[in-house]
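See structure below.
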Amino acid sequence: DGGITQSPKYLFRKEGQNVTLSCEQNLNHDAMYWYRQDPGQGLRLIYYSQIVNDFQKGDIAEGYSVSREKKESFPLTVTSAQKNPTAFYLCASSKRAGSTDTQYFGPGTRLTVL
Amino acid sequence: AQKITQTQPGMFVQEKEAVTLDCTYDTSDQSYGLFWYKQPSSGEMIFLIYQGSYDEQNATEGRYSLNFQKARKSANLVISASQLGDSAMYFCAMREQLSSGSARQLTFGSGTQLTVLP
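Residue numbers (the working numbering), protein chains in the order written: chain A, 61 to 174; chain B, 6 to 123.
Written as C-alpha cells, this is what we have:
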C-alpha cells in the first residue's frame, strides 16, 4: 500500500542532544513537508522540499535542519539549538507544490525532551 | 491577521444529526485551495475534502460537504448523519497560488474539537 511512514512513533531526548526523525513516502510525490503541532494548536510549517536536493525554510525553521537526498525520504533533525522541541511532528507529501495539490500526512512522531 | 479562523473551539452533536463546522479565511489572491482535515486522538491528519477557489459547485465527499461562500470568504464543513467515529479535531486549511505560479504554503486554523454524543 502507498503511504507515508514516520519513525519512531515516540522519541525521548535529553537536553543538548540532536535527534533525527524519519519520514519516508512511496507515493512518488515530488513535494514533502515537516510540521510541528503543539497541544491544542494547529500545524506550523518547519521546512518543505519541492524537489530532490532542494528545500526551503518554513515559518519556524530555527533549530531544525533537513535533507532531501532521495525523492522518498525527508528526514528532520531537531538540534540542541531548538529551545522548546517537545511537540508532535508531522510529515506530509503532495504530488506537486501547487495550491490544488492535497497534502497527505504520516502518523506523526511525538518528541519529548527530558 | 489570521489567514484561517475557526471560531468554534468545541462542538457537540447528537449521533445521526448533521453538524456544521465554521471556517473563514482571509486572502487577496484570486487562486487558492481550501482543505479540511480530521485529526483523531491518534494524531494522524486525515484529508477529508478540497474546494478550489474557481470551483462553482460545492465540493462533496460522501458524508462531507463544503459550504463554499466566496464573497463571504467562508468554507464551512458539513458532516451529515454524524457517527461516533467522527469525534475528532477538525482543521480548516488554505493554500494560496501566487501569480508567479508557485504556491504559498498551507496555513491551518486552530481547529474545532467535535464530540458526537450517543
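Cβ coordinates follow ideal geometry from the N, Cα and C atoms, glycine included.
Let's see if you can read the secondary structure: which residues bound the beta strand (DSSP E) around residue i?
{"i": "A/I120", "result": "Careful: A/I120 lies outside any beta strand (DSSP E) and carries neither H nor E."}
{"i": "A/A152", "result": "147-154"}
{"i": "B/G38", "result": "37-44"}
{"i": "B/C121", "result": "Per the sequence presented here, residue 121 of chain B reads as Val, with Cys not at that position. Start and end: 117-122."}
{"i": "A/C83", "result": "79-85"}
{"i": "B/C28", "result": "Premise fails: B/C28 is in no beta strand (DSSP E) and is neither H nor E."}
{"i": "B/E101", "result": "93-101"}
{"i": "B/V18", "result": "15-19"}
{"i": "A/V138", "result": "136-138"}
{"i": "A/Q142", "result": "First-last for A/Q142: undefined, no H or E at that position."}
{"i": "A/L174", "result": "No beta strand (DSSP E) holds A/L174; DSSP gives it neither H nor E."}
Rounded to whole angstroms, what's the CA-CA distance from residue i to residue j? Just pull it up for me.
{"i": "A/T162", "j": "B/S79", "result": "19 Å"}
{"i": "A/F134", "j": "B/D27", "result": "34 Å"}
{"i": "B/A64", "j": "B/S85", "result": "14 Å"}
{"i": "A/N78", "j": "A/Q97", "result": "19 Å"}
{"i": "A/T160", "j": "B/D31", "result": "17 Å"}
{"i": "A/E132", "j": "A/N88", "result": "7 Å"}
{"i": "A/P167", "j": "B/S47", "result": "8 Å"}
{"i": "B/D34", "j": "A/N144", "result": "34 Å"}
{"i": "B/E101", "j": "B/D60", "result": "15 Å"}
{"i": "A/T172", "j": "B/Q62", "result": "44 Å"}
{"i": "B/S58", "j": "B/F73", "result": "9 Å"}
{"i": "B/Y42", "j": "A/G63", "result": "17 Å"}
{"i": "A/E122", "j": "A/Q116", "result": "12 Å"}
{"i": "A/T80", "j": "A/L103", "result": "19 Å"}
Bridge partners for residue i per DSSP, in chain order?
{"i": "B/N72", "result": "B/N81"}
{"i": "A/G179", "result": "The first residue shown for chain A is 61 and the last is 174, placing residue 179 of chain A beyond what the model contains."}
{"i": "A/A91", "result": "A/S154"}
{"i": "B/G57", "result": "B/G38"}
{"i": "A/T160", "result": "Paired residue(s): none; A/T160 is not in a bridge."}
Mark residue i as exposed unless 16 or more other C-beta atoms lie within 10 angstroms of its C-beta, in which case mark it buried.
{"i": "A/T66", "result": "The question names Thr, but residue 66 of chain A in the sequence shown is Gln. Buried, since its Cβ has 16 or more Cβ neighbours within 10 Å."}
{"i": "B/E20", "result": "exposed"}
{"i": "A/R128", "result": "buried"}
{"i": "A/T169", "result": "buried"}
{"i": "B/Q77", "result": "Reading the sequence as shown, one finds Arg at residue 77 of chain B and not Gln. Counting Cβ neighbours within 10 Å, B/R77 comes out exposed, since fewer than 16 surround it."}
{"i": "B/L89", "result": "exposed"}
{"i": "A/Q101", "result": "exposed"}
{"i": "B/T120", "result": "exposed"}
{"i": "B/T117", "result": "buried"}
{"i": "B/G114", "result": "buried"}
{"i": "B/A23", "result": "exposed"}
{"i": "B/L122", "result": "exposed"}
{"i": "B/T112", "result": "buried"}
{"i": "A/L174", "result": "exposed"}
Less than 6 Å separating the Cβ of residue i from some heavy atom of the ligand HEM?
{"i": "A/A152", "result": "In the structure on display, the ligand HEM does not appear, and there are no ligands present to speak of."}
Task: Segment contact, 8 Å Cβ cut-off, at least three pairs: the segment 63-77 of chain A with the segment 132-151 of chain A - done: With three or more CB-CB distances shorter than 8 Å, the segment 63-77 of chain A counts as touching the segment 132-151 of chain A.
Open item on the list: I'd like to know if the segment 81-92 of chain A and the segment 12-21 of chain B are in contact, where contact means that at least 3 CB-CB pairs between them fall below 8 Å.
Closed with: At 8 Å Cβ cutoff, the stretches do not touch.
Open item on the list: Assess contact between the segment 22-41 of chain B and the segment 108-123 of chain A, defined as three or more Cβ pairs (one per stretch) separated by less than 8 Å. Is contact present?
Closed with: Short answer: they don't touch.
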